[in-house]
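Trainee:
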Amino acid sequence: MLETIQSIRTESEVFKIDNLEDLDKYRIRFLSRNGLLNELFEAFKTVPSEQKKQFGQVINQLKNDLQGRFDTLKFKFEGQGQADAQEALDFSLPVVPDMVGSRHPLTIVRERMFQIFERMGFNLSEGPEIEDDWHNFTALNFPLNHPAREMQDTFFVEKNPDVVLRTHTSSVQIRVMEQQKPPIRTISPGRVYRNEAISARAHCMFHQIEGLYVDKNVSFADLKQTLFHFVRELFGPEIQVRFRPSFFPFTEPSAEIDISCLICKGKGCNVCKHSGWVEIGGAGMLDPDILKNCKIDNEEYSGFAFGMGIERIAMLKYQVRDLRLYTENDIRFLSQFRGL
Ligand code: DAH
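In this text, residue positions in the sequence shown follow our numbering: the first is 12, and each later residue adds one.
1. State yes or no: is the C-beta of V175 nearer than 8 Å to some heavy atom of ligand 1?
2. Note down the Cα distance separating I16 from F102, rounded to an integer number of angstroms.
3. Which word fits E221, buried or exposed, when buried means at least 16 other C-beta atoms lie within 10 angstroms of its C-beta?
4. Quick one: any contact between the stretch 340-350 and the stretch 107-121, if contact means 3 or more CB pairs under 8 Å?
5. Does L155 pass the burial test, meaning 16 or more other C-beta atoms within 10 Å, or should it be called exposed?
6. Using a Cβ distance threshold of 8 Å, determine whether the stretch 188-197 contacts the stretch 118-138, with at least three qualifying pairs required.
7. Straight-line CA distance for G287 to C275?
8. Considering only C-alpha positions, which residue in the set E142, T180, L151, Q184 is nearest to D173?
9. Leaving out five residues before and five after P3 in sequence, what residues of the same chain have Cβ atoms less than 7 Å from its Cβ?
10. Spatial neighbours of G138 within its chain, please: C-beta separation below 6 Å, excluding the five flanking residues on both sides.
11. Which same chain residues end up closer than 7 Å to G247 when comparing Cβ atoms and leaving out the 5 residues on each side of it in sequence?
12. Please report how far the alpha carbon of Q126 lies from the alpha carbon of M326, in whole angstroms.
13. Using only the heavy atoms of ligand 1, determine whether one of them is closer than 8 Å to the beta carbon of H157.
14. Per DSSP, which residues does L176 bridge with? Please list them.
15. Mark L104 as exposed unless 16 or more other C-beta atoms lie within 10 angstroms of its C-beta, in which case mark it buried.
16. Measure the beta-carbon distance from R123 to L238 and round it to whole angstroms, keeping in mind my assumption that it falls under 8 Å.
17. Let me know the secondary structure DSSP gives H218 once reduced to three states.
18. With DSSP as the reference, label S313 as helix, strand or coil.
19. Do the CB positions of N147 and T178 come within less than 9 Å of each other?
20. Suppose you measure from the CA of F315 to the CA of I268; what does that come to, to the nearest Å?
21. Comparing the CB of E161 with every heavy atom of ligand 1, is any distance shorter than 8 Å?
22. So the beta strand (DSSP E) R40 belongs to, where does it begin and stop?
23. Kindly provide the ranges of any beta strand (DSSP E) runs that are 3 or more residues long and lie completely inside the stretch 235-299, ordered along the chain.
24. Is the CB-CB distance between L13 and F66 below 9 Å?
25. Taking only heavy atoms of ligand 1 into account, decide whether any of them is closer than 8 Å to the Cβ of E221.
26. Does the beta-carbon of L100 have 16 or more other beta-carbons within 10 angstroms, so that it is buried, or is it exposed?
27. Can you grab the Cα-Cα spacing for the pair E89 / I39, in whole Å?
28. Does the Cβ of G293 lie closer than 8 Å to at least one heavy atom of ligand 1?
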């Protein structure tokens, strides 16, 4: 038995251990349940009792030595591993960047538009998105069954023809004029709805900004100057503006506002349908009947109004070619915009 003990000791002493892998082999060979040390303890059971003390001491010594070497090397290799891992950290690398949110491009443009009008003395007003027929149509001179209602495909709420999702922000004009006395100078931004198929150029939900000015002696020249100034402020001094005669039931005379195409600089592209001009909204002098509908003296007061699409303006400002991008919430799109 002493010979066996000695040979195990010799084998363990020459066992080469250079790393954790070798150390594990060492553990399996000597210290595990099927290892040599356990075999020795099994054999020890058959040792005559008068020799037990002598052999027991030698075996225990061997066990302590084997375990001691194992513990020492384990501590060494694992500590080494941690030191290596620490060295692998590169403290010069930039930290993981925080994802900082940004404003939606439509919000940025809306705020910018409002800023420009605010400096011209306009205040902010808002109205409901679920509107009644009076404010969305009738008060604006769209009589029942009048073909002008067909200009805007309407969503009705619960089949009730009197309750609609507003088709334009012009409804807010009526609400403001019903509640306030002139002089009125107000801007009403908001969401509007139309029953249209969604494509790159049309959506069933979009945003408009409405302007209303009612006072004594308001003229078409005031309207033109206000919109000229607005467009130059927003797009820069090079921009061209033109007013094209048009029809809206609530304004007389009425015009559509075009600006020179910013995408092709007036040369012609598919955004401006090769005309060099892009429509950004409608405008006109308030029809005296509208003032009357809101109980404002139309002999004493006159006014102008305009309405513009925010998506369209953001499209031109940022060269966005597909309306659907505004509502898809794709972070690759949204993160390109920075602004107040
Ligand atoms: N409400 C019109 C539309 O959605 C736009 C518009 C035209 C608004 C003329 C106005 C206006 O205030 O005077 O097409």
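A virtual CB, placed ideally from N, CA and C, is assigned to each residue, including glycine.
This one's a predicted model, so the numbers in the text were calculated from it and none came from an experiment.
Mentor: Reading off the structure:
1. no
2. 52 Å
3. Classification of E221: buried, given that the 10 Å Cβ count is 16 or more.
4. yes
5. exposed
6. They touch, by the three-pair rule.
7. Within the model, the alpha-carbon separation for G287 versus C275 is close to 7 Å.
8. E142
9. Nothing about residue 3 can be read from this structure; the chain reaches only from 12 to 351.
10. S182, V183, R186
11. none
12. 19 Å
13. no
14. I141
15. Per the 10 Å Cβ criterion, exposed.
16. At roughly 15 Å, the Cβ-Cβ gap does not stay under 8 Å, so R123 and L238 are not in contact.
17. strand
18. Correct three-state label for S313: strand.
19. yes
20. 14 Å
21. no
22. No residue range can be given for R40, since it is assigned to no beta strand (DSSP E) and is classified by DSSP as neither H nor E.
23. 252-259, 262-271, 288-297
24. yes
25. yes
26. exposed
27. 18 Å
28. yes
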